[in-house]
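Report on one structure; see the data block that follows.
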Amino acid sequence: MTDLPWDAHVAWLLDPSESGCLPDGYVPDTTVADWQALLDLVVERGWAVEYAEGAAVLPLPRAEAVLSRTADAECPTLQVRPAPEVCAIFRFLGEQEIDFDLDLRELQGQERLDVLCGFLAAIGRRLGKPVPLYFQGDTRAPFLGYDPDADRVRVLWTPEGD
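Taking my numbering, the leading residue of the sequence shown gets 23, the next gets one more, and so forth.
What follows is the structure in structure tokens.
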């Protein structure tokens, strides 16, 4: 089922030439248990993953091990592909927030929008939390995201005057 139609409004929000290429996704107010729930979800869904610490690609660890690294250690990344053409890159910056980037160039058209909606909803449902997306580098107001109260992904921003 489609959460959002690929119409002029959504297409504009996901236009890399208008919105920047790499929107920022956040799940606020998280814990190590939330991070582990995310890692478990990735494995359960069978999404393709690549966990790396610097240039070293390693097996997917437990969240507690990643988040208890020393302060001078390189920030690990986790690439998750909910579909072969769509990649989210998670950064283990701290336990209090799950942070990830998406590439809008990979999210063009209804089929890819449906992948995005399913991905955000799966994370939000598993964690019981909102999963907002923000324009690249601008965390003032989200433009799209999973709303746990509505149990769906919805547009969260409209241009002034609309």
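Cβ coordinates follow ideal geometry from the N, Cα and C atoms, glycine included.
ask   = When we look at the beta-carbon of ASP56 and count the other beta-carbons within 10 Å, is it buried (16 or more) or exposed?
value = Here residue 56 is taken as the residue at index 34 of the sequence shown, counted from 1. Buried, because 16 or more other Cβ atoms sit within 10 Å of the Cβ of ASP56.
key: Cβ-Cβ distance between PHE122 and ALA110 below 8 Å   = For the purposes of this step, residue 122 is identified with residue 100 of the sequence shown, where counting begins at 1. For the purposes of this step, residue 110 is identified with residue 88 of the sequence shown, where counting begins at 1. In contact: PHE122 and ALA110 (Cβ atoms closer than 8 Å).
ask   = With TRP70 and ARG103 assumed to form a contact (beta carbons below 8 Å), what rounded beta-carbon distance in angstroms separates them?
value = Taking the sequence shown and counting its residues from 1, one reaches residue 70 at position 48. Taking the sequence shown and counting its residues from 1, one reaches residue 103 at position 81. The sequence shown places Ala at residue 70, rather than the Trp named in the question. Rounded, the Cβ-Cβ distance is 4 Å, consistent with contact.
ask   = Are LEU44 and LEU124 close, meaning C-beta to C-beta below 8 Å?
value = Position 22 of the sequence shown, counted from the start, is the residue given in the question as residue 44. Position 102 of the sequence shown, counted from the start, is the residue given in the question as residue 124. Yes, the Cβ-Cβ distance between LEU44 and LEU124 is below 8 Å.
query = Helix, strand or coil: which one does DSSP assign to PRO154?
reply = Walking along the sequence shown from the start, residue 154 turns up at place 132. In the structure shown, PRO154 sits in a strand (DSSP, three-state: E or B).
inquiry  = Using only CA atoms, which one of VAL32, LEU100, ALA95 and ASP94 lies nearest to VAL65?
reply    = If you number the sequence shown from 1, residue 65 lands on position 43. Closest by alpha carbon: LEU100.
ask   = Can you tell me whether PRO98 is buried or exposed, with buried defined as 16 or more other CB within 10 angstroms of its CB?
value = Locating residue 98 in the sequence shown gives position 76, where the first residue counts as 1. Per the 10 Å Cβ criterion, buried.
message = Nearest by alpha-carbon distance to PRO38: which of GLN158, LYS151, PRO164 and ALA30 is it?
response = Within the sequence shown, residue 38 is the residue found at index 16, counting from 1. If we check each option's Cα against that of PRO38, GLN158 comes out closest.
inquiry  = Suppose you measure from the CA of SER90 to the CA of VAL54; what does that come to, to the nearest Å?
reply    = By one-based count along the sequence shown, residue 90 stands at place 68. By one-based count along the sequence shown, residue 54 stands at place 32. Looking at the two C-alpha atoms, the distance is approximately 10 Å.
ask   = Short check: CB of GLU96 to CB of GLU75, under 8 Å?
value = Taking the first residue of the sequence shown as position 1, residue 96 is located at position 74. Taking the first residue of the sequence shown as position 1, residue 75 is located at position 53. For GLU96 and GLU75, yes; Cβs fall inside 8 Å.
request  = Could you tell me which of TRP28, LEU36, PRO27 and THR52 sits nearest to LEU155, measuring between CA atoms?
outcome  = The count along the sequence shown starts at 1 and reaches residue 155 at position 133. Closest by alpha carbon: LEU36.
ask   = Quick one: Cα of ALA143 to Cα of THR92, how far?
value = Working through the sequence shown from its first residue, we reach residue 143 at position 121. Working through the sequence shown from its first residue, we reach residue 92 at position 70. Those two C-alpha atoms are separated by around 32 Å.
message = Just to confirm before moving on: does the CB-CB distance between PHE145 and VAL49 stay below 8 Å?
response = Position 123 of the sequence shown holds residue 145. Position 27 of the sequence shown holds residue 49. According to the sequence as given, residue 145 is Ile; it is not Phe. In this structure, VAL49 lies closer than 8 Å to ILE145 by Cβ.
ask   = When we look at the beta-carbon of VAL79 and count the other beta-carbons within 10 Å, is it buried (16 or more) or exposed?
value = The residue you call residue 79 lines up with position 57 of the sequence shown. VAL79 should be labelled exposed.
query = Since GLY167 contacts VAL153 with CB under 8 Å, what's their CB separation in whole angstroms?
reply = Within the sequence shown, the letter at position 145 stands for residue 167. Within the sequence shown, the letter at position 131 stands for residue 153. About 5 Å; that satisfies the 8 Å criterion.
Buried/exposed call for THR52, threshold 16 Cβ in 10 Å = On the sequence shown, position 30 is the one that residue 52 refers to. Buried: at least 16 other Cβ atoms inside 10 Å.
message = For ALA85, tell me which candidate among GLN132, GLU117 and GLU107 has the shortest Cα-Cα distance.
response = Here residue 85 refers to the residue found at position 63 of the sequence shown. Per the Cα distances, GLU117.
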